[in-house]
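Take a look at the structure below.
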Amino acid sequence: MKYLSALFVNIRPLRMLMSIVLSAVLVFASSFPALAGKSPTTKGVEQLPQIEEKSKEALAKPAMSPESIEARSQGALNEVQPKAADRDKMYRSSDTIPPAVKQVEKAIAKLKNN
6 MKYLSALFVN IRPLRMLMSI VLSAVLVFAS SFPALAGKSP TTKGVEQLPQ IEEKSKEALA
66 KPAMSPESIE ARSQGALNEV QPKAADRDKM YRSSDTIPPA VKQVEKAIAK LKNN
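Start counting the sequence shown at 6; every next residue gets the next number (my numbering).
See the structure below:
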């Protein structure tokens with residue numbers, strides 16, 4: 006029994022060190038989530054002034070009818086950003102099946118084989 010108590014006493018500083026390291030990792034991970042992004046931070050800046058002007062114009066005018074909004078958007082997804090929010094510029098995965106569905110299909114296939 007003395008061996009176990011000596012072991013626990015020797016492990017206590019290691020536990021403290023590990024808890025300090027873990028708390029530091031949690032603080033930095035929650036403080037800097039933007040560092041995980043892969044896209045450059047200046048990617049959307051060049052269109053921002055035009056978007057801001059159109060947004061201010063839209064706020065200054067009274068509400069528009071749906072027909073005038075469709076005409077102004079020119080078939081794009083967003084009325085304020087007709088060229089920036091183009092369907093063709095959006096990222097689309099070539100794989101259309103969600104991962105959860107794939108996992109379920111794999112599980113069903115395994116069950117059928119067994």
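Beta carbons are placed, not taken as given, at the ideal position from N, Cα and C, and that holds for glycine.
Per DSSP, what kind of secondary structure is residue i in: helix, strand or coil?
i, result
"alanine 68", "coil"
"isoleucine 102", "coil"
"phenylalanine 37", "coil"
"asparagine 119", "coil"
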